[in-house]
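Input: a single structure, listed below in structure tokens.
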Amino acid sequence: MKLTEAPRFSIVIPTYNRPEQLAVCLQACARLDYPRDRFEVIVVDDGGATPLAEVVARFHGALTLTLLQQENAGPAAARNRGASEAAGEFLAFTDDDCAPASDWLKALGRECVAFPDCAVGGRTVNALTHNPYSAASQLLISYLFSFYNASPYNARFFPSSNLAFPAKQFHAVGGFDVTYPRAAAEDRELCDRWLHLGHRMISAPEAVVYHAHALTFRTFLRQHFYYGQGAFCFHRVRARRLQDRVKVEPLTFYVNMLRYPFVSAQGGQAPLLMLLLVVTQVANAAGFFWQRVKGAARK
47 MKLTEAPRFS IVIPTYNRPE QLAVCLQACA RLDYPRDRFE VIVVDDGGAT PLAEVVARFH
107 GALTLTLLQQ ENAGPAAARN RGASEAAGEF LAFTDDDCAP ASDWLKALGR ECVAFPDCAV
167 GGRTVNALTH NPYSAASQLL ISYLFSFYNA SPYNARFFPS SNLAFPAKQF HAVGGFDVTY
227 PRAAAEDREL CDRWLHLGHR MISAPEAVVY HAHALTFRTF LRQHFYYGQG AFCFHRVRAR
287 RLQDRVKVEP LTFYVNMLRY PFVSAQGGQA PLLMLLLVVT QVANAAGFFW QRVKGAARK
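Residue numbering for the sequence shown follows our numbering, starting at 47 and increasing by one per position.
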């Protein structure tokens, strides 16, 4: 694919019962410093209880905007639904609790022009700096970003909050796996499948979105328990794909994770964040083994 002008993007946003957060996300999209005729926004309502027509209507003058609705099927299915209606050469995925920076599409676009057949992922930043649970959860994602993408032109993982694909290749590999019902490892599985099929991923850390997911201790635990369930499903699928046994990361991965708050300039919050990272791994392990036992019980 050769591009001679700004690439055309379709921004796909799955949403479920978060109209206020969606409005913030759409406001950020309306402020994007990018030619208005070169991108569209597709919102997919994943069976939420709150009608979104009024929220979306506020932005019709500022954005080329489509609202799609479906029965609740999870974010993976919602993203695929939006992608199926997209007109852009590239699909840019973000979440309803995220606010892209004004130069987000420009930063993604530079890499998409340079590497038009590759997936491109950006950096996600915690917007709720005074919420320790939100900060710790996002710090974990930042650690994964640095660990898996140490070679920016041979990256291995990006979260679906900040990830772009060439549309043709996205459909060719099958999109997101809809058997993942929650926002837990479906992006990880797609990245792994993308690489397994011979495609590349490019890191664009200057493409920034701000993530505002307010967490309490209870929802923090639940989130990482779900991540553990998703991790088991991912490792099982990956093992089958590679015809190998289920493998997890080496011990050094976890040691460096605990060091990460101190080496990533977290200041006085570093000890608390390290402790919360330990909690994420306990909850993750509980979810992983719960899913393993549940899967074994079904056999």
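Glycine residues also receive a C-beta, built at the ideal position from the N, C-alpha and C atoms.
Nothing here was measured: the structure is a model prediction, and the numbers come from that model.
Original post:
Apart from the five residues just before and just after Val102, which ones in its own chain have a Cβ nearer than 7 Å to its Cβ?
Top reply: The answer, listed in chain order, is Val89, Leu111, Leu113.
**OP:** Just mark Leu78 as buried or exposed, buried being the case when its beta carbon has 16 or more other beta carbons within 10 Å.
**Re:** Classification of Leu78: buried, given that the 10 Å Cβ count is 16 or more.
Subject >> Under 7 Å between C-beta atoms of Asn208 and Val166 >> reply: Going by C-beta atoms, Asn208 is not nearer than 7 Å to Val166.
Original post:
In three-state terms, what does DSSP make of Ser130?
Top reply: DSSP places Ser130 within a helical segment (H, G or I) once states are collapsed to three.
Original post:
Is Met47 helix, strand or coil by DSSP?
Top reply: Only weak support is given to the placement of Met47: the predicted model assigns it a pLDDT of 45, under 50, and the question is left unresolved by the model.
Original post:
Do Thr326 and His257 come within 7 Å of each other at the CB atom, strictly closer than that value?
Top reply: Between His257 and Thr326, the gap from beta carbon to beta carbon reaches 7 Å or more.
**OP:** Kindly indicate which three-state DSSP category Leu109 falls into: helix, strand or coil?
**Re:** In this structure, Leu109 counts as coil in the three-state DSSP scheme.
Original post:
Out of curiosity, what's the CA-to-CA distance linking Trp240 and Asp92?
Top reply: A direct Cα-Cα distance of roughly 25 Å separates Trp240 from Asp92.
Original post:
DSSP three-state call for Val224: helix, strand or coil?
Top reply: Correct three-state label for Val224: coil.
Original post:
When the Cα atoms are used, what is the spatial distance from Asn172 to Ala316?
Top reply: Roughly 15 Å between the two C-alpha positions.
Subject >> Exposed unless 16 or more other CB atoms sit within 10 angstroms - verdict on Lys48 >> reply: At Lys48, the pLDDT of 48 sits below 50, so the modelled position is not reliable and the matter cannot be decided from this model.
Original post:
Does the distance from the CB of Ser56 to the CB of Gly134 come in under 7 Å?
Top reply: Taking 7 Å as the Cβ cut-off, Ser56 and Gly134 qualify as a contacting pair.
**OP:** Assess, as a yes-or-no matter, whether the stretch 283 to 292 is touched by the stretch 175 to 188 under the definition of 3 or more beta carbon pairs within less than 8 Å.
**Re:** In this structure the stretch 175 to 188 does not lie against the stretch 283 to 292, because fewer than three pairs of beta carbons, one per stretch, are closer than 8 Å.
**OP:** Would you list the residues sitting across from Leu137 in a DSSP beta bridge?
**Re:** Paired residues: Ser56, Phe211.
**OP:** Would you kindly report the start and end of the unbroken beta strand (DSSP E) that includes Val89?
**Re:** Residues 85 to 92.
**OP:** Quick one: give me the first and last residue of the beta strand (DSSP E) that Tyr179 is part of.
**Re:** Counting along the chain, Tyr179 falls outside any beta strand (DSSP E), though it belongs to the alpha helix (DSSP H) covering 178 to 194.
Subject >> Residue range of the beta strand (DSSP E) that includes Arg305 >> reply: Run containing Arg305: none in the beta strand (DSSP E); it sits in the alpha helix (DSSP H), 297 to 309.
**OP:** Could you name the residues that DSSP lists as bridge partners for Leu114?
**Re:** DSSP lists Val90 as partners of Leu114.
**OP:** Put Cys164 into one of helix, strand or coil per three-state DSSP.
**Re:** Note: Cys164 maps to coil in three-state DSSP.
Original post:
Using the C-alpha atoms, what's the distance from Glu295 back to Leu190?
Top reply: Looking at the two C-alpha atoms, the distance is approximately 11 Å.
Original post:
Hey, quick one: how far does the alpha helix (DSSP H) through Pro81 stretch, first residue to last?
Top reply: That residue, Pro81, is in no alpha helix (DSSP H); it is neither H nor E in DSSP.
Original post:
Of all the CB atoms in chain C, is at least one closer than 7 Å to the CB of Lys152?
Top reply: Although the question refers to chain C, the structure presented lacks it and comprises just one protein chain.
**OP:** Excluding the 5 residues preceding and the 5 following Pro121 in the sequence, name in chain order all residues of the same chain whose CB lies nearer than 6 Å to its CB.
**Re:** Within the same chain, Pro121 has close Cβ partners Pro60, Ala229.
Original post:
Which stretch, first to last residue, makes up the beta strand (DSSP E) that contains His270?
Top reply: No beta strand (DSSP E) holds His270; the alpha helix (DSSP H) holding it covers 263 to 288.
Original post:
Which residues bound the beta strand (DSSP E) around Ala119?
Top reply: That residue, Ala119, is in no beta strand (DSSP E); it is neither H nor E in DSSP.
**OP:** Can you tell me which of the three DSSP states Tyr62 falls into?
**Re:** In the structure shown, Tyr62 sits in coil (DSSP, three-state: anything other than H, G, I, E or B).
Original post:
Quick one, are the C-beta atoms of Asp238 and Arg282 less than 7 Å apart?
Top reply: No, the pair does not count as a contact, with Cβ atoms beyond the cut-off.
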